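A.B. asks: Residue numbers for the sequence shown follow this note's numbering, beginning at 2 and rising by one.
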Amino acid sequence: MLNGFISLDEYWSKNKLSVSQWIQVKLVVAIILLLKLVYRPIYRLKNGKYSPLQGLDADTNLEIQSRGSKRQEKDGEEYLSESEVRDFEKKGILPKFRVLSTEEAHELARYSYELHDREFDGQVVLGKDVVDALKESGQDNINYMGMFQSLHYQKLWDVLTRPQITQRLKSLLGDDLLCWRSQFFEKNPKDAGTFWHQAGTFRVSSEKPKLEPTEPMGEGIVQLTCWIALKDATIENGCLRLLEGTHTDGRLEKIAYNIIDNTLPFLMEQSSKNIELLFKTMKFTSGSFLKAQLIYDIAMELIPDLFKDAKVTDLELKAGEAIIFSSLNVHGSYPNVTDDTRLAFAGRFTSNNVKVYNGFTYDWFQTPKGPMKFDLDKIACMQVAGEDKFGFNTIRSKATDS
Ligand SMILES: O=C(O)CCC(=O)C(=O)O
Ligand SMILES: [Fe+2]
2 MLNGFISLDE
12 YWSKNKLSVS
22 QWIQVKLVVA
32 IILLLKLVYR
42 PIYRLKNGKY
52 SPLQGLDADT
62 NLEIQSRGSK
72 RQEKDGEEYL
82 SESEVRDFEK
92 KGILPKFRVL
102 STEEAHELAR
112 YSYELHDREF
122 DGQVVLGKDV
132 VDALKESGQD
142 NINYMGMFQS
152 LHYQKLWDVL
162 TRPQITQRLK
172 SLLGDDLLCW
182 RSQFFEKNPK
192 DAGTFWHQAG
202 TFRVSSEKPK
212 LEPTEPMGEG
222 IVQLTCWIAL
232 KDATIENGCL
242 RLLEGTHTDG
252 RLEKIAYNII
262 DNTLPFLMEQ
272 SSKNIELLFK
282 TMKFTSGSFL
292 KAQLIYDIAM
302 ELIPDLFKDA
312 KVTDLELKAG
322 EAIIFSSLNV
332 HGSYPNVTDD
342 TRLAFAGRFT
352 SNNVKVYNGF
362 TYDWFQTPKG
372 PMKFDLDKIA
382 CMQVAGEDKF
392 GFNTIRSKAT
402 DS
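1. Apply the 10 Å Cβ neighbour rule to E187 and answer buried if 16 or more other Cβ atoms are within range, or exposed otherwise.
2. Would you list the residues sitting across from A311 in a DSSP beta bridge?
3. Can you give me the C-alpha to C-alpha distance between D130 and Q199, rounded to a whole angstrom?
4. Relative to the alpha-carbon of N16, which residue among I296, R349 and L278 has its alpha-carbon at the smallest distance?
5. How many angstroms separate the CA atom of S113 from the CA atom of L157?
6. To the nearest angstrom, how far is it from the Cα of S70 to the Cα of E105?
7. If you measure from each residue's Cβ to the nearest non-hydrogen atom of ligand 2, which ones come out under 6 Å, in chain order?
8. Measure the C-alpha to C-alpha separation of N62 and G246 and round it to an integer number of angstroms.
9. When you compare only the Cα positions, how much space is there between T342 and G348?
10. Ordered along the chain, which non-local residues of its own chain (more than five positions away) have a Cβ less than 6 Å from that of E213?
11. Using the C-alpha atoms, what's the distance from W23 back to F285?
12. Tell me which residues share the same chain as D402 and place their Cβ nearer than 8 Å to its Cβ, disregarding the 5 neighbours each side in the sequence.
13. Taking 7 Å as the cut-off, is the beta-carbon of F186 closer than that to any non-hydrogen atom of ligand 1?
14. Grouping DSSP H, G and I as helix and E and B as strand, with all else coil, what is H198?
15. Helix, strand or coil for K188? Go by DSSP, reduced to three states.
16. Are there 16 or more other CB atoms within 10 angstroms of the CB of T368, so buried, or fewer, so exposed?
17. Helix, strand or coil: which one does DSSP assign to V26?
18. Using a Cβ-Cβ cutoff of less than 7 Å, which residues in the same chain neighbour T235 once the five nearest sequence positions on both sides are dropped?
19. Can you confirm whether L291, when its beta carbon is compared against all beta carbons of chain B, has any partner nearer than 8 Å?
20. Leaving out the 5 sequence neighbours to the left and right, which residues in its chain are closer than 8 Å to S298 when beta-carbon positions are compared?
21. Between T195 and ligand 1, is the CB less than 7 Å from at least one heavy atom?
22. Going by CA-CA distance only, name the one from K211, W197, K274 and D262 that's closest to T314.
23. Going by the C-beta, is L241 closer than 7 Å to any heavy atom of ligand 1?
24. For T247, does the three-state DSSP call read helix, strand or coil?
25. Is S352 a contact residue of ligand 1, with contact defined as CB to any heavy atom under 7 Å?
26. Check whether the region 376-385 touches the region 246-258, counting contact only when three or more Cβ pairs, one atom from each stretch, lie closer than 8 Å.
27. Is T226 near ligand 1, in the sense that its beta carbon is under 7 Å from a heavy atom of that ligand?
28. For S138 and V20, what's the separation of their Cα atoms in angstroms?
29. Ligand 1 heavy atoms versus the CB of S334: any closer than 7 Å?
30. Smallest Cα separation from V26: which of Q294, Y258, H107 and T282?
31. Unbroken alpha helix (DSSP H) runs of length 4 or more, entirely within the region 62-115: which are they?
32. Considering only DSSP beta bridges, list what H117 is partnered with.
33. With DSSP as the reference, label A257 as helix, strand or coil.
34. Thinking A345 and A193 are a contact (beta carbons under 8 Å), I'd like their distance in whole angstroms, please.
35. Three or more C-beta pairs closer than 8 Å, one from the region 177-185 and one from the region 88-107: is that the case here?
36. Which residues in the same chain have their Cβ closer than 8 Å to the Cβ of L174, if we skip the five residues on either side of it in sequence?
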């Protein structure tokens, strides 16, 4: 299941910390070791030995039910049939389908890189501090700079409202559809694979979930991702892979949140080598993918047979083809061992009953300099189908350049 990935130890042998980061790491390790001596006995006396497996039973059977009523037979050919909907509920992924012609996909890739070269006309949502930190380490790539950019460019927006996408989604999520985030997934030659991860309500490194449904929805269908290949995605250049059906078992993600919420009790149970690895990976790597690897390693040590019966599905796509999946399904991607860049454009969709970034004014972004805040005042949800009957979210009906 794991071929093609470098271990975190290997990553850190190739990526060095700056002197001040190294001092921080050593200091934190020393403090935790001290606390392990003096505070852990008190903590254990009061609470017992801390385990990230606490309260996980509720996360092993998260059935989903689609909320859409529109069906292919009566509403049009891109809607799903009854049996396709049932199949989605079981697998958490739809079969691949075409959204763009090959030429349109290649043209969109060219246009997207042109926008990236123009630094998205100064409209990078992550804000100046994060962008400066990313530039300093050469990580100002389209994945980060391109986040939420369909809000600014109608050409990107229009891809996400194509009926091939919205009709399928309406069969699953209902008629009123929001796209709450768009982003690019670029994988350059020699880039490592993306580790197995799950994302249900997209808390990631925030204090609370970014998505809060106000009507009953299975956790695996609170939001669905449409991942569109802008160039052919193959096993060699790092296509997605996914464990079908694991959207009903959210334990991998829940272990992560248990640890985030109980960092000190967790660290006090670790060896000094592990404390160092945990702290530097959490604090000094960009994005969330290396952190996903860390969580996966921890989860596998705690539950060795987690997902052991699940089958890996490789998602090779031709340029212009797409898949829709629940990102609570455990997923990742292969390393790129070719000389060409792999590029995808993705929309993350939800229903209008869901509160998006409710009560948030800022969010965190992980940079190599450490976690940094960015303001959320520039983002909004795109109404991609139907209408808003709830009034929970800031909504746009077209891109700002149109
Ligand atoms: O494109 C990739 O490699 C990862 C994509 C992913 O994790 C996602 O779409 O949620
Ligand atoms: Fe993902």
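The C-beta atom is built at its ideal place from N, Cα and C for all residues, glycine as well. This structure is a prediction, so every number in the text was calculated from the model and none was measured.
C.D. replies: Once the coordinates are examined:
1. E187 should be labelled buried.
2. Beta-bridge pairing by DSSP links A311 to no other residue.
3. Between the alpha carbons of D130 and Q199 lies a gap of roughly 28 Å.
4. The option with the nearest alpha carbon to N16 is L278.
5. Take the alpha-carbon of S113 and the one of L157: they are about 8 Å apart.
6. When rounded, the distance between both Cα atoms is 31 Å.
7. Answer in sequence order: H198, A200, S328 and H332.
8. Each residue's alpha carbon lies about 11 Å from the other.
9. Rounded to whole angstroms, T342 to G348 spans 20 Å at the Cα level.
10. The residues are K356 and N359.
11. F285 and W23 have their C-alpha atoms some 10 Å from each other.
12. The answer, listed in chain order, is H153, Y154 and Q155.
13. Yes - ligand 1 has a heavy atom lying nearer than 7 Å to the Cβ of F186.
14. If DSSP states are grouped into helix, strand and coil, H198 belongs with the strands.
15. Per DSSP, reduced to three states, the secondary structure at K188 is strand.
16. Buried, because 16 or more other Cβ atoms sit within 10 Å of the Cβ of T368.
17. If DSSP states are grouped into helix, strand and coil, V26 belongs with the helices.
18. Counting only residues of its own chain and dropping the five nearest sequence neighbours on each side, T235 has a CB closer than 7 Å to the CB of E317.
19. Going by chain labels, chain B is absent from the structure shown, which holds only one protein chain.
20. Looking at the sequence itself, residue 298 is Asp, so the reference to Ser does not match. Excluding sequence positions up to five before and after D298, its CB lies within less than 8 Å of the CB of L9, all in the same chain and listed in chain order.
21. Yes - ligand 1 has a heavy atom lying nearer than 7 Å to the Cβ of T195.
22. Ranking K211, W197, K274 and D262 by Cα distance to T314 puts W197 first.
23. Yes, the Cβ of L241 comes within 7 Å of a heavy atom of ligand 1.
24. T247: helix per DSSP, three-state reduction.
25. If you check the C-beta of S352 against ligand 1, you find no heavy atom less than 7 Å away.
26. Contact fails: fewer than three Cβ-Cβ distances are below 8 Å.
27. For ligand 1, at least one heavy atom lies less than 7 Å from the Cβ of T226.
28. So the alpha carbons of these two residues sit roughly 15 Å apart.
29. Between ligand 1 and the CB of S334, the shortest heavy atom gap is smaller than 7 Å.
30. Cα-wise, what sits closest to V26 is T282.
31. For secondary structure counted as the alpha helix (DSSP H) over 4 or more consecutive residues, the region 62-115 holds these complete runs in sequence order: 73-76 and 83-92.
32. Beta-bridge analysis with DSSP links H117 to no other residue.
33. The answer is helix: DSSP assigns A257 an H, G or I state.
34. The distance from the Cβ of A345 to that of A193 is about 17 Å, inconsistent with a contact at the 8 Å cut-off.
35. Under the three-pair Cβ rule at 8 Å, the region 177-185 does not count as touching the region 88-107.
36. Only residues of its own chain outside the window of five on either side were considered, and among them S67, R68, G69, I222, L225, F350, T351 and S352 have a CB closer than 8 Å to the CB of L174, listed in chain order.
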